[in-house]
Amino acid sequence: MNAQIRLRFAPSPTGNPHIGNVRTAIFAWLFARKRGGSFLIRVEDTDQSRRTEGAVEAMLDSLRWVGIDWDEGPDVGGPLAPYTQSERLDLYRSETRRLIDSGRAYPCFCSPERLADVRRAQQMRGDETIGYDRHCLDMTRAQQDACRARGVQPVVRFRMPDEGVSVMEDIVFGHLEFENRLYDDFVALKSDGFPTYHLASVVDDHHMGISHVTRAKEWMPSVPRHVQLYAALGWDMPAFAHLPVILAPDRSKLSKRHGAASVMDYRDMGVLPEALMNYLSLLGWSLDGKTEILTPEELIAAFDLDRVSRSDAVFDFDKLMWLNGQHLRRSSDTRLARAIDKFWKDAPPQFDVTPDARAAARIAPLVRNRLKTLQDAAPLVKFFFSEDLHVDAEQLVQRGMDAERTTALLQSAHDALAQLDTFDAESIESLLRPLAADLGVKVGQLLGSLRVATTAQKVSPPMFESLEALGPERTLESIRKAIAKLSSAAGSPK
RNA sequence: GGCCCGUUCGUCUAGCGGCCAAGGACACCGCCCUCUCAAGGCGGAGAUCACGGGUUCGAAUCCCGUACGGGCUACCA
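Going letter by letter, the first sequence gives residues 6 to 499 in my numbering.
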């Protein structure tokens, strides 16, 4: 393992695991794995008011499902535990102390109201910069103590330089440069003793030995804050890669109202985890503009942060569906059977007979080319799990046929099929094709009637294979029932 | 308002000064294959590379400006 390479995914547990979050995690994970480094998860729960029950577990479940694993994290621990920021408050406090002692940070007792007033006044005046006015910067020790005595809990602000520029060479965006004077003294430690994102992420990334920071590009404007924080703390900066965002088709931020936005929605839809990972990896990254279908292993081998795109990408549901179909088709029979079995166990389809693993294995080869998602399997093979088919007599009669000829046709097929020694697709085919010719009907007419007779569906997997799956007994019985249905229908007025 | 980022077919993208009168993929259309539905194969339509100036023998590719879109400007991340 390459000890130098360490990446982290740092979700804040504020809601359901969003597709965009997971894409960010995938990029970090792919890069860490590609370079033989470590990947860890750190929970950024520094906003008490936004904590959501169960959000961490949901996040971890989503990551696990999509195929991501981690070497260190809140659930598995690790040498640098804890991996949850709310449990690392002492660390942030002591680093803040260092900042204050070196004159790079100071307590601020301003009330939210005063802050709002200052901002409002700046806006009215049309000031170039809007931000904190350093009201508390030069407070004496005595003044500070007086405030504390009044019960005012201060925040700690980081002192930004008045001049100079903060520079970063971003892996995906290249040279980034910001004027320090445009930035105000931001809050590093909140009055409740929790750090802000800026302080916490810098402190943790350093103490956790993070070599490459990957994060959404909306953090780019905060770069100078982080650059200055690293400098003030006397630390080297990790490499940074800001990532473009995933958008909804209307180019707004992706959310529930655009349909499935959480990873689990796709699982429930019957999307394969490797297909989701593949699709998400292609949003903002490409190998060569030609290769699109990649397994997780291939993604790891091919991925690199320097090929990440700079512009945002619109989520294309249709393409995900297509890609899922590709992965489904490339799965081995056993893999596909297991996926279908699992999917049906989690969400049992409306069948007479409860499908088991054997049955799933039986039908998997029949449906593989007909699936976009695992959901698509059930309607195609409903007949296989039915005890009583509801055959529509009218549908039995194919184009250019009538009830009488159809009856004869089915009877011939039945009798011929009954004579078969080996009831497999190949034998059935070499029996039925000549039979159609002998009977003077098209193969399509014969198979069409047989299809309705044995599946009660107008659309089904290929007949020969379907009959083999059904077996001789069920096949012959269905045909007999269909013939009976046909004669009774003929006897009754329409 | 200020700062920052982005802009190649409807969408995802290739392209990193000449190989591009722009390639691949999804979606769309047509044909072929075919027992239905698919899958697959072949082909088509679809981008004056946001716009305007430069630089250069030569620009989608470099520079400047404009427009449009987005982000940040919180004791949220």
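Where a beta carbon is used, it is the ideal one built from N, C-alpha and C, also for glycine. All values reported here derive from a predicted model rather than from experimental measurement.
Assigned exposure category for PRO498 - 16 Cβ within 10 Å defines buried = Low per-residue confidence applies at PRO498: pLDDT is 45, beneath 50, and the placement is therefore not dependable, though the value from the model is reported in the following sentence. Exposed, since its Cβ has fewer than 16 Cβ neighbours within 10 Å.
task = Mark MET213 as exposed unless 16 or more other C-beta atoms lie within 10 angstroms of its C-beta, in which case mark it buried.
result = buried
request  = Could you tell me whether the Cβ atoms of LEU328 and ALA369 are closer together than 8 Å?
outcome  = no
task = Give every residue of the same chain whose Cβ lies closer than 8 Å to the Cβ of LEU299, excluding the five residues on either side of it in the sequence, and list them in chain order.
result = ASN283, SER286, LEU292 and ALA307
ask   = Any idea if ASN374 is buried or exposed, counting beta-carbon neighbours within 10 angstroms, 16 or more meaning buried?
value = exposed
message = Taking contact to mean 3 or more Cβ pairs, one atom from each stretch, closer than 8 Å, check whether the segment 401-408 and the segment 434-450 are in contact.
response = yes
task = Compare the Cα-Cα distances from TRP313 to each of ILE176, ARG130 and LEU45 and report the closest residue.
result = Reading off the sequence shown, one finds Val at residue 313, where the question assumed Trp. Cα-wise, what sits closest to VAL313 is ILE176.
query = Terminal residues of the continuous beta strand (DSSP E) containing ASP175?
reply = 170-175
query = To which residues of the same chain is ARG479 closer than 6 Å at the C-beta, ignoring the five residues directly before and after it?
reply = none
query = Considering only residues of the same chain and omitting the five flanking positions on each side of PRO477, which have a CB-CB separation below 6 Å?
reply = PHE428
key: Simplified DSSP state of CYS113, which is helix, strand or coil   = strand
query = How many angstroms separate the CA atom of THR19 from the CA atom of VAL61?
reply = 9 Å
message = Strictly by DSSP, which residues pair up with THR480?
response = Paired residue(s): none; THR480 is not in a bridge.
ask   = Under 8 Å between the Cβ atoms of ARG38 and ILE305?
value = yes
inquiry  = I need the DSSP call for HIS23, collapsed to helix, strand or coil.
reply    = strand
inquiry  = Within a Cβ cutoff of 8 Å, which residues of the same chain sit near LEU204, ignoring the five residues on either side of it in sequence?
reply    = TYR97, GLU100, THR101, PHE163, ALA193, LEU194 and LEU234
task = Specify the secondary structure class of LEU491 as computed by DSSP and reduced to three states.
result = helix
query = Rounded to a whole number of angstroms, what is the C-alpha to C-alpha distance between ARG150 and PHE114?
reply = Reading off the sequence shown, one finds Asp at residue 150, where the question assumed Arg. Each residue's alpha carbon lies about 11 Å from the other.
ask   = Near PHE199, what residues of its chain come up, given a Cβ to Cβ distance below 6 Å and the 5 sequence neighbours on each side ignored?
value = THR51
Limits of the unbroken beta strand (DSSP E) element including THR390 = A small fix is needed here, since residue 390 is Phe in this sequence, not Thr. No beta strand (DSSP E) holds PHE390; DSSP gives it neither H nor E.
task = Could you check the C-alpha separation between GLU399 and THR459 for me, to the nearest Å?
result = 14 Å
ask   = Does DSSP put VAL313 in a helix, a strand or coil?
value = strand
inquiry  = Just to confirm before moving on: does the CB-CB distance between PRO254 and LYS222 stay below 8 Å?
reply    = no
key: Within 8 Å, strictly: CB atoms of SER257 and ARG11   = no
Cβ-based burial, HIS231 [other Cβ within 10 Å; buried from 16] = buried
inquiry  = Based on DSSP bridge pairs, tell me the residues matched to ARG11.
reply    = SER43
request  = Take ALA442 as the anchor and find which of SER493, GLN462, LEU414 and PRO466 has the nearest alpha-carbon.
outcome  = LEU414
query = Unbroken alpha helix (DSSP H) runs of length 4 or more, entirely within the segment 420-488: which are they?
reply = 430-444, 448-460 and 468-475
ask   = Looking at the unbroken beta strand (DSSP E) that takes in GLU133, where does it start and where does it end?
value = Run containing GLU133: none; DSSP gives neither H nor E here.
Continuous beta strand (DSSP E) stretch holding LEU379: start and end = Note, LEU379: premise wrong, no beta strand (DSSP E); not H, not E.
task = Could you tell me which residues DSSP pairs with GLY192 in its beta bridges?
result = Inspection of the sequence shows that residue 192 is occupied by Val rather than by Gly. In the DSSP output, where bridge partners are listed per residue, VAL192 has ARG162.
inquiry  = Can you give me the C-alpha to C-alpha distance between LEU142 and ASP189, rounded to a whole angstrom?
reply    = 12 Å
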